[in-house]
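Trainee:
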Amino acid sequence: MEQYEPDRPSPASPAAPRRGLRGGRAALTRRSLLRASTGGALALGGAGALSACGIPAAKNTAGVSSEDRSAKEKRVSFSNWTEYMDVDDSAKRHPTLDAFTGRTGIEVEYTEDINDNVEFFGKLKPQLAAGQDTGRDLICVTDWLAARLIRFGWVQKLDASNLPHAYANLSRQFRDPDWDPGRAYSYPWTGIPTVIAYNRKALDGVEVRSLSDLLDNPKLKGRVAFLSEMRDSVGLTLLDLGKDPGKFTDDDFDAAIARLQKAVDKGQIRRFTGNDYTSDLARGDLAACVAWAGDVVQLKADSPDIDFVIPDSGYMISSDNLLVPNKARHKTNAERLIDYYYEPAPAARLAAYINYVCPVDGVKAELAKIDESAAGNPLILPDAAMAAKSHAFRSLSAKEETAYEEKFAKLTGA
Amino acid sequence: MATVTGAPPLAPAPGPEERSPRRRGRLTPYWLLLPGMLWLLVFFALPMVYQASTSVQTGSLEEGYRVTWHFATYWDAVTDYWPQFLRSVAYAGAATVLCLLLGYPLAYLIAFRAGRWRNLVLVLVIAPFFTSFLIRTLAWKTILADGGPVVGALDALHVLDVTSWLGVTAGDRVLATPLAVVCGLTYNFLPFMILPLYTSLERIDGRLHEAAGDLYARPFTTFRKVTFPLSAPGVVSGTLLTFIPASGDYVNADLLGSPDTRMAGNVIQTQFLRVLDYPTAAALSFLLMAGILAIVTLYIRRSGTEDLV
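Going down the list, the protein sequences come from chains A and B. Position 101 (the first sequence) corresponds to 142 in the numbering used here; numbering is contiguous. Position 13 (the second sequence) corresponds to 161 in the numbering used here; numbering is contiguous.
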C-alpha cells in the first residue's frame with residue numbers, strides 16, 4: 042500500500058469520480074468499509090449491549106387468557122404432519138374433514154406444515170414464549186415435544202365435556218402417559234411403534250431377531266441404521282439390555298449409549314437417520330434398521346422384500362398428540378374436531394389411509410369394511426399380545442433432556 | 149494513501165448559489181449506501197451481537213438465559229468438537245480443490261471454445277439450481293448406491309481399493325464415507341466456482357493470446373504466463389465462494405455421511421435445535437466464523453489480490 046501513492050486527482054479529471062470512491066483515505070475502499078463496519082459492529086457489541094440481551098424464561102406462569110370465539114366463528118385451523126390425513130382420489134380433498142364440516146358447519150383450515158418436531162418447536166417458540174397467538178387452534182406433535190409444551194405452560198387444558206367420544210374410546214395403552222396423566226391436555230392422533238425393519242434380499246440369509254443382531258453381527262457391518270430420534274434408538278437399546286425405558290436410571294442410559302457407541306466405533310452403524318432411511322432400505326443399502334411402523338407398512342406394500350420384526354424384548358411406542366396452543370381462538374371447535382376423530386367411523390377411515398396405530402378402541406369392524414388386511418395388521422390395530430410388548434420412554438426433566446440429548450448427539454457424531 | 153485527507157476532492161471555492169446542490173452531491177453516495185447499511189445492521193450486525201451475547205450466557209430454556217460472561221463455553225466447544233472443525237476445513241478444502249480442477253477447464257471451454265453454444269452451456273451450469281438443494285443431494289444417494297453402477301464400476305477398476313487405503317471410503321461402498329460427502333459438496337458448490345472463473349476468463353482480450361503466440365509462446369506457456377494470471381481474480385473469488393459456504397454446510401454430511409463424517413455445521417444444528425444448548429451453539433458459530441475468517445484472510449494475503457471483486 043505504501044509504494045503506490047495516487048496523485049491528488051484534479052477535479053477535471055474524468056477518472057476523478059472513480060478514484061473518489063477508491064483512492065482517498067476517507068473515500069470508500071473495500072478495506073475501509075470493512076474496517077468501518079467491523080468497528081461499528083464492535084462498538085455496537087460493547088459489553089452493555091451484550092449483557093442487555095438475555096433470553097427470558099420460556100416457562101409461562103401468567104396463565105392463559107384467550108378469548109374463545111368458537112361460537113361466533115365456525116372455523117378451526119389445524120396444523121399437521123404431511124401425509125397424515127386421508128385423501129380422496131383427486132388427492133385434494135380430505136373426506137373425513139369434509140364430513141366433519143358437513144356435520145358441524147365448522148370450516149377446517151388444514152395445513153401440513155409440520156415436518157420435524159425440533160423445527161416446528163423453533164417455529165412456534167417465539168410466539169408462544171411471548172404469549173401470542175400462533176394462528177393455530179390445533180397442532181400435532183410427538184410425545185416429548187407435547188410434554189415440553191405442557192411443562193412450559195404453552196398449551197391449554199382441554200374441556201372434558203366437549204370430548205365424550207375421546208374419553209370413552211381412547212385405547213388403554215395411551216390413557217396415562219406420565220407427562221400428561223389422564224390426558225388433561227392432549228389426545229393422541231396416532232401411535233407410532235418403533236420396530237426393526239429389514240430388506241430380505243440385502244440380508245442375504247442373515248437372520249435378524251433382536252437389536253443385538255443389528256449391533257453385533259459382522260455380516261451387517263455398515264449396513265445398519267438407527268433413528269436420530271434419541272428416545273427410539275436408546276429406548277430399543279435399553280429394552281435389549283433388559284432395562285425398562287419407562288423407568289431407567291442415568292447409569293442405564295449411559296450403558297445403552299456405550300453399547301451403541303461400540304457399534305458406531307467399529308463401523309457397524311452406517312447412519313443415524315430421519316425419515317430418509319426408507320429409500321436406503323428399499324434400495325438395499327441398508328440391510329436392517331430401526332424403523333417406524335407406519336413406514337414399514339407402506340414399504341411392505343411396495344416391495345415384498347421388506348418386512349419387520351418385533352424383538353422378544355419388546356418395542357418402543359410413542360404417539361403424535363393433538364394439543365391446543367395458548368391464545369388459540371377456536372378452542373371449542375378444536376375440541377369438537379378431536380372428539381370427531383374418536384368416533385369409530387372417521388377413525389377407521391383415517392387408520393386405513395395413514396397406516397399408523399389407531400389409538401381408538403372399537404374401530405375393528407369399521408376398518409374391516411374399508412380394508413380387511415389393515416384390520417388384521419397388528420401395526421395398525423395391535424392385538425393384546427402386541428400391545429403388551431409396547432413400551433413408552435419415560436418423560437424427562439429439562440435437565441435430563443439436555444444431558445441425554447447431549448450424550449446422544451455425541452454418539453451420532455455431534 | 150496518506151496524501152489525500154478529508155472528504156472527496158471538490159472543485160475549489162464554489163459560489164454560494166452552487167453550494168446546496170454541491171452538498172447534496174457530496175452526500176449522495178452515503179444516501180445510496182443507506183439501504184445496504186441498514187440491511188447489514190438489521191440482518192448482520194444485530195444478529196451477531198445477539199449471538200455474541202448468547203455465547204456467554206448460562207441457564208436453560210425453561211428458566212431463561214442470563215449473561216454471566218461464561219467464556220468457558222468457548223473452551224469446552226473447542227475441546228469437545230475440534231475433530232468436526234478440522235473435518236469441516238478438510239472437506240471444504242478438498243471440495244474447493246476439486247471444484248477448481250473440474251470448474252477451470254469448463255469455464256475455459258465456455259469462455260473461449262463454446263462459440264454459439266456458450267449461453268446454452270451456461271444455462272446448463274446454472275440449471276441444477278432450479279431444483280432444491282435437498283433433492284439434488286438426495287439424488288446422490290441413488291447415484292452412489294452400494295449396488296449401483298457407479299460404485300460397481302469404481303470397484304471393478306480398483307479405484308475403491310485405493311480410496312479405501314487412503315481411508316476416504318469404507319470397503320466396497322462410497323455412501324456414508326468422507327468421499328461421498330466431498331463429492332456432494334463439490335457438486336453442490338461447483339457453479340459458484342465456474343461462474344466467477346467464467347467472468348474473469350471471458351474478460352481476457354483474445355489479442356493477448358495472439359500476441360503471446362507472436363512472441364513464440366507455446367500454448368501451455370501462454371496459459372501459464374497470460375491466461376492464468378489474468379484469471380486469478382476469478383480463481384480467488386471462486387475458491388472463496390466455494391470454500392466459505394462448504395465449510396459451514398451440514399446437509400451433505402447429514403445425508404451422504406456417517407457418524408464419522410459430521411462437520412461443524414452439524415454440531416451447531418444439533419446443539420441449537422436438538423440439545424437446545426444455545427450458548428454452545430452460538431459459541432460454535434463464532435468459532436467457525438473466526439476460523440473461516442482467519443483462513444480466508446491468510447489466503448487473500450498470500451494470493452495478494454486486492455481487486456478480487
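Ideal placement from N, C-alpha and C gives every residue a C-beta, glycine not left out.
Exposed or buried, residue 386 of chain B, counting other C-beta atoms within 10 Å across all chains shown (16 or more means buried)?
Mentor: On the second sequence, residue 386 of chain B is found 238 positions in, with the first residue counted as 1. Residue 386 of chain B should be labelled buried.
Trainee: Just to confirm, is the Cβ distance from residue 246 of chain B to residue 342 of chain B under 9 Å?
Mentor: Your numbering for residue 246 of chain B matches position 98 in the second sequence. Your numbering for residue 342 of chain B matches position 194 in the second sequence. Cβ atoms of residue 246 of chain B and residue 342 of chain B: not closer than 9 Å.
Trainee: Among B:211, B:236 and B:416, which has the Cα closest to the Cα of residue 193 of chain A?
Mentor: Numbered from its first residue, the first sequence carries residue 193 of chain A at position 152. Closest by alpha carbon: B:211.
Trainee: Please tell me whether residue 277 of chain A and residue 235 of chain A are closer than 9 Å, where the distance is taken between their beta carbons.
Mentor: In the first sequence, the residue the question calls residue 277 of chain A occupies position 236. In the first sequence, the residue the question calls residue 235 of chain A occupies position 194. Using a Cβ distance threshold of 9 Å, residue 277 of chain A and residue 235 of chain A count as a contacting pair.
Trainee: So with CB distances below 9 Å, who are the chain A contacts of residue 293 of chain B?
Mentor: To locate residue 293 of chain B, count along the second sequence from 1; it is residue 145. Per Cβ cutoff of 9 Å: 321, 324, 325 and 326.
Trainee: Report yes or no: is there a C-beta of chain B within less than 9 Å of the C-beta of residue 443 of chain A?
Mentor: Counted from its first residue, the first sequence places residue 443 of chain A at position 402. Yes, contact with chain B.
Trainee: Measuring straight from C-alpha to C-alpha, what distance separates residue 439 of chain B and residue 344 of chain B?
Mentor: On the second sequence, residue 439 of chain B is found 291 positions in, with the first residue counted as 1. On the second sequence, residue 344 of chain B is found 196 positions in, with the first residue counted as 1. Going from the Cα of residue 439 of chain B to the Cα of residue 344 of chain B covers about 24 Å.
Trainee: For residue 353 of chain A, count neighbouring C-beta atoms within 10 Å of its own C-beta (all shown protein chains included) and say buried if the count is 16 or more, exposed if not.
Mentor: To locate residue 353 of chain A, count along the first sequence from 1; it is residue 312. Exposed, by the Cβ-count rule.
Trainee: Check residue 228 of chain A in the structure and name its three-state DSSP category.
Mentor: Along the first sequence, one-based indexing puts residue 228 of chain A at 187. In the structure shown, residue 228 of chain A sits in a strand (DSSP, three-state: E or B).
Trainee: Measure from the C-beta of residue 172 of chain A to each C-beta in chain B and report whether the shortest distance is under 9 Å.
Mentor: The residue given as residue 172 of chain A occupies position 131 in the first sequence. No, no contact with chain B.
Trainee: Verify the CB distance criterion: does residue 351 of chain B have a CB-CB separation below 9 Å to chain A?
Mentor: In the second sequence, counting from the first residue as 1, residue 351 of chain B sits at position 203. Closer than 9 Å: no.
Trainee: Which ranges does the alpha helix (DSSP H) cover as unbroken runs of at least 4 residues, wholly within the segment 415 to 442 of chain A, from first to last along the chain?
Mentor: Counting only runs of 4 or more residues that sit fully inside the segment 415 to 442 of chain A, the alpha helix (DSSP H) segments are 425 to 429, in chain order.
Trainee: For the segment 339 to 350 of chain B, which residues have a beta carbon sitting closer than 9 Å to at least one beta carbon of chain A?
Mentor: Going along the segment 339 to 350 of chain B in chain order, one finds no residue with a Cβ nearer than 9 Å to chain A.
Trainee: So with CB distances below 7 Å, who are the chain B contacts of residue 124 of chain A?
Mentor: To locate residue 124 of chain A, count along the first sequence from 1; it is residue 83. Here the premise fails: no neighbours, minimum Cβ distance about 17 Å.
Trainee: If you drop the 5 nearest sequence neighbours on each side, which residues of the same chain put their C-beta closer than 7 Å to that of residue 201 of chain A?
Mentor: Numbered from its first residue, the first sequence carries residue 201 of chain A at position 160. Here the set comprises 208.
Trainee: Residue 410 of chain B and residue 454 of chain A - do their beta-carbons sit closer together than 9 Å?
Mentor: Locating residue 454 of chain A in the first sequence gives position 413, counting from the first residue. Locating residue 410 of chain B in the second sequence gives position 262, counting from the first residue. Annotated as proximal: residue 454 of chain A and residue 410 of chain B, with beta-carbon spacing under 9 Å.
Trainee: Going by DSSP, name the residue or residues bridged to residue 239 of chain A.
Mentor: The sequence position of residue 239 of chain A within the first sequence is 198, counting from 1. According to DSSP, which records beta bridges pairwise, residue 239 of chain A is partnered with A:329 and A:348.
Trainee: Pick from A:141, A:158, A:172 and A:99: whose alpha carbon is nearest that of residue 386 of chain A?
Mentor: As a working mapping, residue 386 of chain A is identified with position 345 in the first sequence. Of A:141, A:158, A:172 and A:99, the residue nearest in Cα terms is A:141.
Trainee: Near residue 214 of chain B, which residues of its chain fall below 8 Å by C-beta distance, leaving aside the five closest residues on each side in sequence?
Mentor: Reading the second sequence from its first residue, position 66 is the one you call residue 214 of chain B. Here the set comprises 205, 206 and 207.
Trainee: DSSP three-state label for residue 150 of chain A, please.
Mentor: Walking along the first sequence from the start, residue 150 of chain A turns up at place 109. In the structure shown, residue 150 of chain A sits in a strand (DSSP, three-state: E or B).
Trainee: Out of A:302, A:221 and A:417, which one is the CA nearest neighbour of residue 267 of chain A?
Mentor: Reading the first sequence from its first residue, position 226 is the one you call residue 267 of chain A. That would be A:302, whose Cα lies nearest to the Cα of residue 267 of chain A.
Trainee: Since I believe residue 326 of chain A is in contact with residue 323 of chain B (beta carbons under 8 Å), could you give me their beta-carbon distance rounded to a whole number of angstroms?
Mentor: The sequence position of residue 323 of chain B within the second sequence is 175, counting from 1. The sequence position of residue 326 of chain A within the first sequence is 285, counting from 1. Confirmed, about 6 Å.
Trainee: Would the segment 377 to 397 of chain B count as touching the segment 405 to 424 of chain B if we require 3 or more Cβ pairs under 8 Å?
Mentor: Verdict: yes, contact present.
Trainee: Counting Cβ pairs, one atom from each stretch, are 3 or more of them under 8 Å apart for the segment 368 to 378 of chain A and the segment 440 to 455 of chain A?
Mentor: no
Trainee: Identify which residue in A:284, A:229 and A:307 has its Cα closest to the Cα of residue 260 of chain A.
Mentor: On the first sequence, residue 260 of chain A is found 219 positions in, with the first residue counted as 1. Cα-wise, what sits closest to residue 260 of chain A is A:307.
Trainee: For residue 304 of chain A and residue 370 of chain B, what's the separation of their Cα atoms in angstroms?
Mentor: As a first step, residue 304 of chain A is located in the first sequence; it is residue number 263 there, counting from the start. As a first step, residue 370 of chain B is located in the second sequence; it is residue number 222 there, counting from the start. Each residue's alpha carbon lies about 56 Å from the other.
Trainee: By how many angstroms is the C-alpha of residue 403 of chain A removed from the C-alpha of residue 425 of chain A?
Mentor: Reading the first sequence from its first residue, position 384 is the one you call residue 425 of chain A. Reading the first sequence from its first residue, position 362 is the one you call residue 403 of chain A. Those two C-alpha atoms are separated by around 14 Å.
Trainee: Between the alpha carbons of residue 255 of chain A and residue 132 of chain A, how many angstroms are there, rounded?
Mentor: Position 214 of the first sequence, counting from 1, holds the residue named residue 255 of chain A. Position 91 of the first sequence, counting from 1, holds the residue named residue 132 of chain A. About 38 Å.
Trainee: When Cβ atoms are compared, which residues of the segment 303 to 315 of chain A fall closer than 8 Å to chain B?
Mentor: 305, 308, 310, 311, 312 and 313
Trainee: According to DSSP, is residue 286 of chain A part of a helix, a strand, or is it coil?
Mentor: Within the first sequence, the letter at position 245 stands for residue 286 of chain A. Note: residue 286 of chain A maps to coil in three-state DSSP.
Trainee: Check residue 399 of chain B in the structure and name its three-state DSSP category.
Mentor: In the second sequence, the residue the question calls residue 399 of chain B occupies position 251. In the structure shown, residue 399 of chain B sits in a helix (DSSP, three-state: H, G or I).
Trainee: Taking only the alpha-carbon atoms, compute the straight-line gap between residue 172 of chain A and residue 421 of chain B and give it to the nearest angstrom.
Mentor: Counting from one through the first sequence, the residue named residue 172 of chain A turns up at place 131. Counting from one through the second sequence, the residue named residue 421 of chain B turns up at place 273. Roughly 21 Å between the two C-alpha positions.
Trainee: For a test of the three-state rule: what should DSSP assign to residue 461 of chain B, helix, strand or coil?
Mentor: Residue 461 of chain B is absent from the structure shown; chain B starts at 149 and stops at 457.
Trainee: Would residue 416 of chain B and residue 350 of chain B qualify as a contact pair, given that the criterion is a beta-carbon distance under 9 Å?
Mentor: The residue labelled residue 416 of chain B in the question sits at position 268 within the second sequence. The residue labelled residue 350 of chain B in the question sits at position 202 within the second sequence. No. Outside cutoff.
Trainee: Using 8 Å as the threshold, is the segment 143 to 158 of chain A in touch with the segment 178 to 188 of chain A, meaning 3 or more CB pairs across them?
Mentor: Flag = yes, the segment 143 to 158 of chain A and the segment 178 to 188 of chain A touch.
Trainee: Which residue's Cα is closest to the Cα of residue 286 of chain B: B:224, B:401 and B:248?
Mentor: Here residue 286 of chain B corresponds to residue number 138 of the second sequence, with the count starting at 1. Restricting attention to B:224, B:401 and B:248, the CA atom closest to the CA of residue 286 of chain B is found in B:401.
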